[in-house]
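Participant: Just passing along the structure, written as structure tokens.
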Amino acid sequence: MADAPLINPISCKRCRVKKIRCDRRLPGCNRCQEQDTECVYVRRVPRKPVTTTGDRVGSIEATLDTILQRLDRIEQNCRCQNLQRPLDDSPEFDASPEDAFQNQFEPDLAIDAGTSVESDPPFPVVPLTSVSGANVASEHSESSSTAPDPNAPLPVLRNAVEEVQRRVAERHNSPSATAEEPIEPTLAKSWIQSYFAHLSEDLFPALLNVQLIRLMPDIIGLPNVHLDAAIIVVYYCILYHGCFLRRQFTSVSDNAKTMSKLYHRCLDAASAWEPQATGTTTDFIAAFFMVRVAAERFDIELSWNMFKLGCQYAEKIELHRLDNDPSSHSTNLDKSVLNASRKGFWELVTMDVYFRLIHNKPPAIMACRPDAKVNLPWLAEPGSQAGEETTTTIRFLIDSRRTFVLLDFLQLLEDSEGRPDPELVSKTEALCRDIEALYEQWGIDDWVRKMIDSDGQLWTIAGVALEGYTSIIFMLRRALSIHSGIPENQALGPEVVSHPLVLNASRHILEIVALLLVAFPSMGTVAVTFVVLQAHIPLACLATYLLHPAASHDCETDIVLLEHVAEAMREISRDVEELVPLTAATEELKTNVRNTAGDNVAR
Numbered sequence: 001m002a003d004a005p006l007i008n009p010i011s012c013k014r015c016r017v018k019k020i021r022c023d024r025r026l027p028g029c030n031r032c033q034e035q036d037t038e039c040v041y042v043r044r045v046p047r048k049p050v051t052t053t054g055d056r057v058g059s060i061e062a063t064l065d066t067i068l069q070r071l072d073r074i075e076q077n078c079r080c081q082n083l084q085r086p087l088d089d090s091p092e093f094d095a096s097p098e099d100a101f102q103n104q105f106e107p108d109l110a111i112d113a114g115t116s117v118e119s120d121p122p123f124p125v126v127p128l129t130s131v132s133g134a135n136v137a138s139e140h141s142e143s144s145s146t147a148p149d150p151n152a153p154l155p156v157l158r159n160a161v162e163e164v165q166r167r168v169a170e171r172h173n174s175p176s177a178t179a180e181e182p183i184e185p186t187l188a189k190s191w192i193q194s195y196f197a198h199l200s201e202d203l204f205p206a207l208l209n210v211q212l213i214r215l216m217p218d219i220i221g222l223p224n225v226h227l228d229a230a231i232i233v234v235y236y237c238i239l240y241h242g243c244f245l246r247r248q249f250t251s252v253s254d255n256a257k258t259m260s261k262l263y264h265r266c267l268d269a270a271s272a273w274e275p276q277a278t279g280t281t282t283d284f285i286a287a288f289f290m291v292r293v294a295a296e297r298f299d300i301e302l303s304w305n306m307f308k309l310g311c312q313y314a315e316k317i318e319l320h321r322l323d324n325d326p327s328s329h330s331t332n333l334d335k336s337v338l339n340a341s342r343k344g345f346w347e348l349v350t351m352d353v354y355f356r357l358i359h360n361k362p363p364a365i366m367a368c369r370p371d372a373k374v375n376l377p378w379l380a381e382p383g384s385q386a387g388e389e390t391t392t393t394i395r396f397l398i399d400s401r402r403t404f405v406l407l408d409f410l411q412l413l414e415d416s417e418g419r420p421d422p423e424l425v426s427k428t429e430a431l432c433r434d435i436e437a438l439y440e441q442w443g444i445d446d447w448v449r450k451m452i453d454s455d456g457q458l459w460t461i462a463g464v465a466l467e468g469y470t471s472i473i474f475m476l477r478r479a480l481s482i483h484s485g486i487p488e489n490q491a492l493g494p495e496v497v498s499h500p501l502v503l504n505a506s507r508h509i510l511e512i513v514a515l516l517l518v519a520f521p522s523m524g525t526v527a528v529t530f531v532v533l534q535a536h537i538p539l540a541c542l543a544t545y546l547l548h549p550a551a552s553h554d555c556e557t558d559i560v561l562l563e564h565v566a567e568a569m570r571e572i573s574r575d576v577e578e579l580v581p582l583t584a585a586t587e588e589l590k591t592n593v594r595n596t597a598g599d600n601v602a603r
């Protein structure tokens, strides 16, 4: 094999500095010899070896092997600690059923400060197989937390809800769902009439051009008529809500297909509107409408993004500064417009608090709270209004009082972050009782039952009831999680499941959910109850309580509640196949609870 050619030498330092050609002779070049100066050559530095794709893959595999080895060690530690725990920690036989339920789950706290805290898990230990940060414990931690039982009610229901969301998203992207079909003007007018008959006072009619909305079915397709993109979004959202409240469909399947097509019209209109939005009042209303429509189609993230957009528009039109300066432009507004603007701000505050509590979102409209000054709107006497207006007024009053309670709770959480509050749970319980007292004062539960034949009023009052009872569960769950140190996103703790306030709220929620699923058998109802309002959590709370041997023997009423929800879900899923996973989960849970409760009573 022939020798490899020699590499050309490098120019000497002096020639390189002068940027002139060097003859590169050794031991010195001609130029350096002529000037009688030292000629110095730079040594070549060998290049680093080229990293190939195979080398990079090998490095990734080595990293994954290291991670898997650490996970194996963590799993072995969890198993060893579980096997070494004593088996004689059983509750006293003379304890009450509630005390026994609490004691069987209560961790045995170590007295010595140097010993680790160990607890008997309520469910079998499951090996750690996930690589997510929520499930992997540190190998240097003194006490390893075990993963929750995947067959427990909460994980099963949560997975079912996520599967429904995935299927609905696939359906929204299907060609049949995105196909454009003209909307008959007569049908559109009936939906508009339905909306203004039932929800006219719900979303700022004083800020809307109602006359234009009523004319749009006849003019929206005309070639020489240009409509603002924001008002088109509002128009299709009104059609969506009006269609939802009209029970003229022969089957749930017809309703689902029509609602899906209207939702795509809303998405298309929003896509065309958002890039050209400038932050006007109509832009704010369009974003506000899309918050609700997206939430009713299982898309919480889109709803949250639209809410943030609406908050930006609200800040641009200075909705949060309506009453900061008595001489500002707001004093020149019509009283109805000023009241609607104030109501719009407080609606945003209510939704902001709810997003923070239920969906763990950061504050949006409350970020500008330091300089915000907005009075509550003037509300007419309930007796001087029509039925729908009275319902909306009372809803606003209840929402406002509940919002102030939730703001107090969120302030408690912020204060406890810097300095742990040993009375956090008791203070939270007091706030929850305030919400209970508020609902008892207004007779919300009886009111919901009386509204069974009134579409719009039933939907409004049932929403108020569900929001309040759901807030009670999440407030206590958050406070007890901070008190016990158990992450809130894990399995329901025994102190949550057995808490009387949680059980009472769960029963109210399931009763209302079953009623709504029968009154409005549609995907939108399932989305609002199980995705927006997280109804699977009270369902899991009550089921977990009933599955425990220490549960009360007088539990037939609770089991009937579970059966009503499962039966209503089964009826809807016959025509809407995307809901089958959630229906199957509720059916299985109902069967397990019925069988387990029967065995407990037999004992």
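Just so you know, UniProt numbering puts the end of the sequence shown at 603, numbered straight through with nothing missing.
Where is the CB? At the ideal position from N, CA and C, for every residue including glycine.
Since this is a predicted model, take the numbers as computed values, not measurements.
1) Using 7 Å as the threshold, is the C-beta distance between CYS266 and VAL293 below it?
2) Would the beta-carbon of VAL513 fall within 7 Å of that of CYS541?
3) Output yes or no for whether 7 Å exceeds the beta carbon distance between ILE472 and LEU515.
4) Cα-Cα, which of SER341, ARG433, ALA229 is closest to ALA269?
5) When we look at the beta-carbon of PRO5 and count the other beta-carbons within 10 Å, is it buried (16 or more) or exposed?
6) Who are the Cβ neighbours of ARG214 in its own chain at under 7 Å, not counting the five residues just before and after it?
7) Within 10 Å of its beta-carbon, does VAL405 have 16 or more other beta-carbons around it, so buried, or fewer, so exposed?
8) What residue from ILE537, VAL425, SER522, GLY524 has the CA that sits closest to HIS508's CA?
9) Could you please give me the residues that DSSP links to CYS12 through a beta bridge?
10) Quick check on VAL532: buried or exposed, where buried means 16 or more other Cβ atoms within 10 Å of its Cβ?
11) Can you tell me the Cα-Cα spacing of TYR354 and ALA527, whole angstroms?
12) Closer than 6 Å by C-beta to ALA465: which residues in its own chain qualify, once you throw out the five before and the five after it? Chain order, please.
13) Would you say the region 344-364 touches the region 430-439, given that touching needs at least three Cβ pairs under 8 Å?
14) Considering just the uninterrupted stretch of the alpha helix (DSSP H) at ILE572, what are its terminal residues?
15) For ALA340 and HIS483, I'd like the C-alpha separation in whole angstroms.
16) Could you tell me which of ASN305, SER336, THR280, LYS335 sits nearest to ALA318, measuring between CA atoms?
17) According to DSSP, is SER271 helix, strand or coil?
18) Look at TYR195 and ILE231 and say whether their C-beta atoms are less than 7 Å apart.
19) For ALA294, which three-state DSSP category applies?
20) By alpha-carbon positions, which one of PHE474, GLY418, ARG401 ends up nearest to LEU438?
21) LYS343: buried (16+ other C-beta within 10 angstroms of its C-beta) or exposed?
22) Just curious, the alpha helix (DSSP H) that ILE213 is in, first and last residue?
23) Between the alpha carbons of ARG185 and ILE219, how many angstroms are there, rounded?
24) Note down, one range per segment and in chain order, each alpha helix (DSSP H) of at least 4 residues found wholly within the region 479-558.
25) Ignoring anything shorter than 4 residues or poking outside the region 306-360, list the alpha helix (DSSP H) runs there in chain order.
26) Measuring only between beta-carbons, confirm whether LYS373 sits less than 7 Å from chain C.
27) Given residue 604, which residues of its chain have a CB within under 7 Å of its CB, disregarding the five upstream and five downstream residues?
28) Using the Cβ count rule (16 or more neighbours within 10 Å means buried), how would you classify ASP446?
29) Give me the Cα-Cα distance between TRP459 and LEU503, rounded to the nearest whole angstrom.
30) I need the DSSP call for GLY279, collapsed to helix, strand or coil.
31) Do ALA479 and VAL425 count as a contact pair if the criterion is CB distance below 7 Å?
32) State the start and end residues of the unbroken alpha helix (DSSP H) segment that holds ILE452.
33) Starting from CYS432, trace the alpha helix (DSSP H) in both directions and tell me its first and last residue.
34) What whole-angstrom Cβ distance do ILE461 and MET451 have, given they're in contact under 8 Å?
35) Can you have a look at ILE20 and say buried or exposed, based on whether 16 or more other CB atoms are within 10 angstroms of its CB?
Facilitator: Working from what's here:
1) Here the question's residue 266 lines up with position 266 in the sequence shown. Here the question's residue 293 lines up with position 293 in the sequence shown. Yes, the Cβ-Cβ distance between CYS266 and VAL293 is below 7 Å.
2) For the purposes of this step, residue 513 is identified with residue 513 of the sequence shown, where counting begins at 1. For the purposes of this step, residue 541 is identified with residue 541 of the sequence shown, where counting begins at 1. No. Outside cutoff.
3) Position 472 of the sequence shown, counting from 1, holds the residue named residue 472. Position 515 of the sequence shown, counting from 1, holds the residue named residue 515. Contact flag unset, no.
4) If you number the sequence shown from 1, residue 269 lands on position 269. That would be ALA229, whose Cα lies nearest to the Cα of ALA269.
5) Counting from one through the sequence shown, the residue named residue 5 turns up at place 5. Its pLDDT being 47, under 50, PRO5 is placed unreliably by the model, and the measurement read from it follows with that caveat. Under this definition PRO5 is an exposed residue.
6) Walking along the sequence shown from the start, residue 214 turns up at place 214. If we look at ARG214 and ignore the five residues flanking it on each side, its Cβ neighbours are ILE192.
7) Indexing the sequence shown from 1 puts residue 405 at position 405. Looking at its Cβ environment, which holds 16 or more other Cβ atoms inside 10 Å, VAL405 is buried.
8) Counted from its first residue, the sequence shown places residue 508 at position 508. That would be ILE537, whose Cα lies nearest to the Cα of HIS508.
9) Residue 12 sits at position 12 when you count from the first residue of the sequence shown. Looking at the DSSP assignment, CYS12 forms a beta bridge with TYR41.
10) Position 532 of the sequence shown, counting from 1, holds the residue named residue 532. VAL532 should be labelled buried.
11) Numbered from its first residue, the sequence shown carries residue 354 at position 354. Numbered from its first residue, the sequence shown carries residue 527 at position 527. In a straight line, the C-alpha of TYR354 is about 16 Å away from that of ALA527.
12) Position 465 of the sequence shown, counted from the first residue, corresponds to residue 465. Taken in chain order, the residues that qualify are ILE444, VAL448, ILE512.
13) no
14) Stepping through the sequence shown from its first residue, residue 572 is reached at position 572. First-last of the alpha helix (DSSP H) with ILE572: 556-573.
15) As a working note, residue 340 is residue 340 in the sequence shown. As a working note, residue 483 is residue 483 in the sequence shown. For ALA340 and HIS483, the distance between alpha carbons rounds to 41 Å.
16) Here the question's residue 318 lines up with position 318 in the sequence shown. First, the amino acid is wrong: residue 318 is Glu here, not Ala. For GLU318, the nearest C-alpha among the options comes from THR280.
17) In the sequence shown, the residue the question calls residue 271 occupies position 271. Reduced to three states, the DSSP call for SER271 is helix.
18) Translated into the one-based positions of the sequence shown, residue 195 becomes position 195. Translated into the one-based positions of the sequence shown, residue 231 becomes position 231. Not a contact, by the Cβ cut-off of 7 Å.
19) To locate residue 294, count along the sequence shown from 1; it is residue 294. ALA294 falls in the helix class under three-state DSSP.
20) For the purposes of this step, residue 438 is identified with residue 438 of the sequence shown, where counting begins at 1. When only C-alpha atoms are compared, the closest one is ARG401.
21) In the sequence shown, counting from the first residue as 1, residue 343 sits at position 343. Flag for LYS343 reads buried.
22) Reading the sequence shown from its first residue, position 213 is the one you call residue 213. Here the alpha helix (DSSP H) through ILE213 covers 210-219.
23) Counted from its first residue, the sequence shown places residue 185 at position 185. Counted from its first residue, the sequence shown places residue 219 at position 219. Note that residue 185 is Pro in the sequence shown here, rather than Arg. Looking at the two C-alpha atoms, the distance is approximately 9 Å.
24) 494-497, 500-519, 523-527, 536-547
25) 335-359
26) Note that chain C does not occur in the displayed structure, where there is just one protein chain.
27) Nothing in the structure corresponds to residue 604, since the chain is present only between 1 and 603.
28) Taking the sequence shown and counting its residues from 1, the one referred to as residue 446 is at position 446. Burial call: exposed.
29) Along the sequence shown, read from residue 1 onward, the residue named residue 459 stands at position 459. Along the sequence shown, read from residue 1 onward, the residue named residue 503 stands at position 503. Rounded to whole angstroms, TRP459 to LEU503 spans 24 Å at the Cα level.
30) Taking the sequence shown and counting its residues from 1, the one referred to as residue 279 is at position 279. Coil.
31) Mapped onto the sequence shown, residue 425 falls at position 425. Mapped onto the sequence shown, residue 479 falls at position 479. Contact: yes.
32) Translated into the one-based positions of the sequence shown, residue 452 becomes position 452. Counting along the chain, ILE452 falls outside any alpha helix (DSSP H), and DSSP gives it neither H nor E.
33) Looking up residue 432 in the sequence shown gives position 432. 424-442 is the span of the alpha helix (DSSP H), which, as asked, contains CYS432.
34) For the purposes of this step, residue 461 is identified with residue 461 of the sequence shown, where counting begins at 1. For the purposes of this step, residue 451 is identified with residue 451 of the sequence shown, where counting begins at 1. 6 Å between Cβ atoms; contact.
35) Position 20 of the sequence shown, counted from the start, is the residue given in the question as residue 20. Exposed.
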